[in-house]
Amino acid sequence: VQLQASGGGSVQAGGSLRLSCAASGSTATINSMAWYRQGPGKERGLVASISSDGSRNYADSVKGRFTISRDHAKNTMDLQMNSLKPEDTAVYYCKADRSIVRKSYWGNGTLVTVSS
Numbered sequence: 057v058q059l060q061a062s063g064g065g066s067v068q069a070g071g072s073l074r075l076s077c078a079a080s081g082s083t084a085t086i087n088s089m090a091w092y093r094q095g096p097g098k099e100r101g102l103v104a105s106i107s108s109d110g111s112r113n114y115a116d117s118v119k120g121r122f123t124i125s126r127d128h129a130k131n132t133m134d135l136q137m138n139s140l141k142p143e144d145t146a147v148y149y150c151k152a153d154r155s156i157v158r159k160s161y162w163g164n165g166t167l168v169t170v171s172s
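Position in the sequence shown counted from 1, then plus 56, gives you my numbering.
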């Protein structure tokens, strides 16, 4: 599985961005997908995840502001980010899990910069 993330950029606080992750390869056996982020001087952490049945999970810091979605037909996963804050500044990574082979796959990072 190959993952390609896009949609990062610079925005002012309060603004919005939409990230997208396109999957290719053995996409039929992808189970859950997720967005992670790594801010300056911080460890990479979970932002949001979505399972194959559509169940969603969010980090407390983004609940009510971010929405994760997935299009099985297009093999894409999106992250709609609203009401962005400077602390959301980070490199965002998409991740996919294939439980059948017990492997996880990471995409390239896309930088989100939120200025105050």
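Using N, Cα and C, we set each Cβ at its ideal position, and we do this for glycine too.
Test: residue i CB closer than 9 Å to a CB of chain C
{"i": "Arg158", "result": "Of the protein chains in the structure, only one exists, and it is not chain C."}
Proximity below 9 Å, CB of residue i to CB of residue j
{"i": "Gly64", "j": "Tyr148", "result": "yes"}
{"i": "Pro142", "j": "Val118", "result": "no"}
{"i": "Asn177", "j": "Ala61", "result": "A question about residue 177 goes unanswered here, because the residues of the chain that appear run from 57 up to 172."}
{"i": "Arg93", "j": "Asp144", "result": "yes"}
{"i": "Gln136", "j": "Ser66", "result": "no"}
Residues of its chain near residue i, where Cβ-Cβ distance is below 8 Å and the 5 sequence neighbours each way are ignored
{"i": "Ser88", "result": "Ser105, Ile106, Ser107, Ser108, Ala152, Asp153"}
{"i": "Ala115", "result": "Gly101, Leu102, Val103, Ala104"}
Range of the contiguous beta strand (DSSP E) that encloses residue i
{"i": "Asn113", "result": "112-114"}
{"i": "Asp134", "result": "132-137"}
{"i": "Arg93", "result": "89-94"}
{"i": "Val67", "result": "65-68"}
{"i": "Leu167", "result": "159-171"}
{"i": "Ile124", "result": "122-127"}
{"i": "Ala84", "result": "Premise fails: Ala84 is in no beta strand (DSSP E) and is neither H nor E."}
{"i": "Arg154", "result": "146-154"}
{"i": "Ser62", "result": "58-62"}
Length of the line joining the Cα atoms of residue i and residue j
{"i": "Val103", "j": "Gly70", "result": "18 Å"}
{"i": "Arg126", "j": "Gly110", "result": "8 Å"}
{"i": "Ala90", "j": "Gly97", "result": "21 Å"}
{"i": "Ser80", "j": "Arg74", "result": "20 Å"}
{"i": "Val168", "j": "Ser76", "result": "12 Å"}
{"i": "Ala129", "j": "Thr166", "result": "23 Å"}
{"i": "Arg158", "j": "Arg112", "result": "21 Å"}
Neighbourhood of residue i by C-beta, 7 Å cutoff - its chain only, sequence neighbours within 5 removed
{"i": "Ile156", "result": "Thr85"}
{"i": "Ala146", "result": "Arg93, Gln94, Gly95, Val168"}
{"i": "Thr83", "result": "Val57, Asn131"}
Residues of its chain near residue i, where Cβ-Cβ distance is below 6 Å and the 5 sequence neighbours each way are ignored
{"i": "Gln68", "result": "Ser171"}
{"i": "Asp121", "result": "Here residue 121 turns out to be Arg, not Asp, going by the sequence shown. Contacts found: Asn138, Ser139."}
{"i": "Gln58", "result": "Ser80, Gly81"}
Nearest-angstrom beta carbon gap, residue j and residue i [assumed within contact, 8 Å]
{"i": "Thr123", "j": "Ala78", "result": "That belief does not hold up - the Cβ atoms of Thr123 and Ala78 are roughly 18 Å apart, past 8 Å."}
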